[in-house]
Amino acid sequence: MISDQDRSQLKRTFRKDLKAQVQIRLFTQKPSVITIPGRECPRCPQTLQLLEELAALTPKIDLETVDFYNDPQVAQDQGVTRIPAIVISTDGSSRVKFYGAPMGYGMAAMVADIKTISRSVSPLSMDTRKKLRKLTQKVHIQVFVTPASADCPGLACLAHALAIENPLVAADVVEIQEFPMLARNYGVRSVPVTVINEHIRLSGPLSEPQLLEKVLEAGVRPEPVTADGTTG
Numbered sequence: 014m015i016s017d018q019d020r021s022q023l024k025r026t027f028r029k030d031l032k033a034q035v036q037i038r039l040f041t042q043k044p045s046v047i048t049i050p051g052r053e054c055p056r057c058p059q060t061l062q063l064l065e066e067l068a069a070l071t072p073k074i075d076l077e078t079v080d081f082y083n084d085p086q087v088a089q090d091q092g093v094t095r096i097p098a099i100v101i102s103t104d105g106s107s108r109v110k111f112y113g114a115p116m117g118y119g120m121a122a123m124v125a126d127i128k129t130i131s132r133s134v135s136p137l138s139m140d141t142r143k144k145l146r147k148l149t150q151k152v153h154i155q156v157f158v159t160p161a162s163a164d165c166p167g168l169a170c171l172a173h174a175l176a177i178e179n180p181l182v183a184a185d186v187v188e189i190q191e192f193p194m195l196a197r198n199y200g201v202r203s204v205p206v207t208v209i210n211e212h213i214r215l216s217g218p219l220s221e222p223q224l225l226e227k228v229l230e231a232g233v234r235p236e237p238v239t240a241d242g243t244t245g
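Throughout, my numbering is defined as the position within the sequence shown, counted from one, plus 13.
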């Protein structure tokens, strides 16, 4: 699935940029001749093949597969609600997720995330990193994408960078062609669309300050007002 030219380029990139081991956990289902209604996952085999080819390019990537239906507790612990799902980390955390096969521009976003996680060097500005420390409650970001949209990978990586930076943030990148019902539930007609904590919905590309502003809006608990009208 990965072309010879891309393999050579990725090998060079991984050799140069990867430092720490990266864990990629794929939630999928075992192949079966019997199709159970509601459990169809036509992209699961394709996603596994793609990740196997990617992991074969460097010893710095450890690939693990988890059967979503046979190991429901693992899926629950990692907050995985549908398949195929890809969780990337160095420490077993589950804040960085892709839902769907990372094709097209999705592969570019995944490679960028792998480099960021392995190098432990944040692409975020110092101002953003400082302001993220103000978070007092959990923030869940969903970025809805398609493989063909060039506007999506930058926003996907930005959302994931926020999740990598602060443990109160979790970010899912969702491929809408594989999860059309979910996209319809959020009224997604074009991409990218960003949903934060279910109630903040943003259409189109976002800059780092724009996304940060909405994340802080969702994740900073207002200070209580005292009897004299002051906060604190």
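From the three backbone atoms N, C-alpha and C, an ideal C-beta is built for every residue, glycine too.
Compute the Euclidean distance between the alpha carbons of cysteine 54 and leucine 215, then round it to the nearest angstrom. Taking the first residue of the sequence shown as 1, we reach residue 54 at position 41. Taking the first residue of the sequence shown as 1, we reach residue 215 at position 202. If you take the alpha carbons of cysteine 54 and leucine 215, they lie about 29 Å apart.
Which residues DSSP lists as bridging threonine 41, in chain order: As a first step, residue 41 must be located in the sequence shown, where it is residue number 28. BP columns for threonine 41 point to Asp80.
Short Cβ contact (8 Å threshold) for valine 109 with alanine 231: As a working mapping, residue 109 is identified with position 96 in the sequence shown. As a working mapping, residue 231 is identified with position 218 in the sequence shown. With respect to the 8 Å criterion, valine 109 and alanine 231 are not classified as neighbours on the basis of their beta carbons.
Any chance the segment 152-164 sits against the segment 187-195, with 3 or more Cβ pairs inside 8 Å? Segment contact: the segment 152-164 against the segment 187-195, three or more CB-CB distances shorter than 8 Å; contact assigned.
Output yes or no for whether 8 Å exceeds the beta carbon distance between tyrosine 118 and alanine 163. Position 105 of the sequence shown, counted from the start, is the residue given in the question as residue 118. Position 150 of the sequence shown, counted from the start, is the residue given in the question as residue 163. In contact: tyrosine 118 and alanine 163 (Cβ atoms closer than 8 Å).
Can you list, in chain order, the residues of its chain with a C-beta nearer than 6 Å to that of serine 107? Leave out the 5 residues immediately preceding and following it. By one-based count along the sequence shown, residue 107 stands at place 94. So the qualifying residues of the chain are Gln91, Gly92, Val100.
Let me confirm a value: asparagine 198 is counted as buried when at least 16 other C-beta atoms fall within 10 Å, else exposed. Which label applies? Here residue 198 is taken as the residue at index 185 of the sequence shown, counted from 1. Counting the other CB atoms within 10 Å of its CB gives asparagine 198 a total below 16, which places it among the exposed residues.
Please return the same chain residues whose Cβ sits closer than 6 Å to the Cβ of leucine 23, not counting the five positions on each side in sequence. Counting from 1 along the sequence shown, the entry for residue 23 is found at position 10. Leu70.
Do lysine 144 and leucine 225 have their beta-carbon atoms positioned less than 8 Å apart in this structure? Working through the sequence shown from its first residue, we reach residue 225 at position 212. Working through the sequence shown from its first residue, we reach residue 144 at position 131. In terms of Cβ geometry, leucine 225 and lysine 144 form a close pair [threshold 8 Å].
Considering only the beta carbon of each residue, do glutamine 62 and arginine 52 sit closer than 8 Å? Residue mapping note: residue 62 aligns to position 49 of the sequence shown, counting from 1. Residue mapping note: residue 52 aligns to position 39 of the sequence shown, counting from 1. Taking 8 Å as the Cβ cut-off, glutamine 62 and arginine 52 do not qualify as a contacting pair.
Identify every residue that forms a DSSP beta bridge with aspartate 185. Taking the first residue of the sequence shown as 1, we reach residue 185 at position 172. In DSSP, aspartate 185 forms a bridge with Lys110, Gln155.
Let me confirm a value: valine 201 is counted as buried when at least 16 other C-beta atoms fall within 10 Å, else exposed. Which label applies? If you number the sequence shown from 1, residue 201 lands on position 188. Valine 201 should be labelled buried.
If leucine 76 sits next to alanine 88, beta carbons under 8 Å apart, how far is it from one beta carbon to the other, in whole angstroms? As a first step, residue 76 must be located in the sequence shown, where it is residue number 63. As a first step, residue 88 must be located in the sequence shown, where it is residue number 75. Rounded, the Cβ-Cβ distance is 17 Å, inconsistent with contact.
In chain order, what residues of the same chain lie with their CB nearer than 6 Å to the CB of methionine 116, ignoring the 5 residues before and after it? One-based indexing of the sequence shown puts residue 116 at position 103. Here the set comprises Pro160.
Leucine 171 - containing alpha helix (DSSP H), residue span: Start at 1 with the first residue of the sequence shown, and residue 171 comes out as number 158. It spans 165-178 - the alpha helix (DSSP H) in which leucine 171 sits, taken as one unbroken run.
Which whole-angstrom value is the C-beta distance of aspartate 30 and arginine 132, which I expect to be below 8 Å? For the purposes of this step, residue 30 is identified with residue 17 of the sequence shown, where counting begins at 1. For the purposes of this step, residue 132 is identified with residue 119 of the sequence shown, where counting begins at 1. Going by Cβ atoms, the distance from aspartate 30 to arginine 132 rounds to 6 Å, so yes, they are a contact pair.
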